[in-house]
Structure formats: C-alpha cells, structure tokens
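Letter by letter, the sequence shown follows residues 889 to 1042 of the numbering used here.
Down below is the structure, laid out as structure tokens.
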Amino acid sequence: MDLPDTIDACTRLLAPRVAGTSVTLESNIQADFPRIIADQTRLKQIIINLLSNGVKFTEQGSVTVEAEFDTETGIVIRVRDTGIGIAEEDIEHAFSMFGQVDSALSRKFEGTGLGLPLSRSMAHLHGGDLVLQSELGKDTCAIITLPAERIIHP
Ligand SMILES: Nc1ncnc2c1ncn2[C@@H]1O[C@H](COP(=O)(O)OP(=O)(O)O)[C@@H](O)[C@H]1O
Ligand SMILES: [Mg+2]
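In structure tokens, the structure reads:
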C-alpha cells in the first residue's frame, strides 16, 4: 500500500471538521516514502481514529500527522495535537474497551471509547504498536510503529 496516499485520504476526510475553526490539520511525510506491506483499510481506520481524537480534543492550535521510515528500525506514524492532553495515569484507562477519561474537560465530548483499544489491536495485528505520550494540559502524541519487514525495497 501507499502510506502517503492513505494519510492524504484521511486528512481530506477530516478537513471539514476543522474548516472555520482555530485548528489547522497538516501532514508531514518523509520524502520518497516506499510502499509498505499492510492492510490499507485497517491503517486508514487507525489514522482516522487518531486524527478524530486530535480534532475532538483540540480547541485551538494544530493536529499534525507525520510519517517516517527507516530500513533498520521501521515505520513511525505520529499524530500530534495541541489539545487538552491526558494525564499519564489515565493513559492505560484510555486504551481499555469503552474507557474514557471522565474529567470535567472531556465529559462533554461524544464517542464510544473504542477508538484507541481497537486501533492498538490493529497495530498489534501488524506486528507493531500504538502508544500515547501526553500530559494533562499539554500536547498529545499518538505513535504507531510498524516493523521494518513491512517496508518494500525498491
Ligand atoms: N488526543 C487526545 N487528547 C486528549 N485525550 C484523548 C486523546 N485521545 C484520546 N483521549 C482520551 O482517551 C479516551 C478514549 O479515546 P477513544 O478510545 O478514541 O474513545 P472516544 O474517542 O470514543 O472517547 C477519550 O475519551 C479521551 O478521554
Ligand atoms: Mg476516539
């Protein structure tokens, strides 16, 4: 599959949600990105889930998706936002089925609490992983890693 194309499709899908708001949606993809062996539909679902969270929990600032590859260490996709953040001790709960951080800040947001656990399972099925790095009130970064064996060498 073509990862840059897939990321473009995801940002185009989410663009209407930030149109006319104080949030920008950007992508930053390493040049000459090789094709990769992965389930395009599943990767699209993961990226849309993470971008939706970024957009949902950010009132002002930016949501950015980045993709890098390294033939030794593999593929890294990062979805960053400048939103409400999530406390370190709540991250595990956020990854549990139906788990939502029940703070006054996030209670007003809709959703089912399934996006993160399903996305992480799909990353695991690819031999990869999904982790969240954040602090309450700070930027949030969701990091998907995929093994180097998934890079197709030209
Ligand atoms: N980018 C983010 N910034 C702040 N909190 C987040 C972010 N992404 C996820 N969370 C927290 O993790 C919870 C679970 O996320 P998710 O599984 O995608 O479910 P949902 O989006 O349906 O609430 C969210 O309800 C929220 O509390
Ligand atoms: Mg979600």
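Positions of the beta carbon are idealized from the N, C-alpha and C atoms, including for glycine.
As the structure is a prediction and not an experimental result, all values here were calculated from the model.
task: Can you give me the start and stop residues for the alpha helix (DSSP H) that residue 902 sits inside?
output: 891 to 906
field: Any heavy atom of ligand 4 within less than 6 Å of residue CB: hits in chain order
entry: Absent from the structure shown: ligand 4. Ligands present: ligand 1 and ligand 2.
- request: Indicate whether residue 930 and residue 1010 have their beta-carbon atoms separated by less than 8 Å.
  value: yes
field: Residue environment, residue 968, which counts as buried when at least 16 other CB atoms sit within 10 Å
entry: buried
- request: Report yes if the CB atom of residue 1008 is closer than 8 Å to the CB atom of residue 983, and no otherwise.
  value: yes
task: Provide the residue(s) that pair with residue 969 in DSSP beta bridges, ordered along the chain.
output: 951, 1028
- prompt: Ends of the alpha helix (DSSP H) at residue 935?
  reply: 928 to 944
- prompt: So, is residue 1019 buried or exposed, given that buried needs 16 or more other C-beta atoms within 10 angstroms?
  reply: exposed
Whole-Å CB distance - residue 911 paired with residue 950, under 8 Å assumed: 7 Å
C-alpha distance - residue 889 paired with residue 898, whole-angstrom precision: 14 Å
field: residue 1030 versus 1038, 970, 996, residue with shortest Cα-Cα distance
entry: 970
message: DSSP three-state label for residue 978, please.
response: helix
- prompt: On the three-state DSSP scale, how would you describe residue 1013?
  reply: helix
Neighbourhood of residue 932 by C-beta distance below 8 Å, restricted to the same chain and skipping five residues each side: 894, 897, 898
- prompt: Less than 8 Å separating the beta-carbons of residue 963 and residue 909?
  reply: Not closer than 8 Å, so no.
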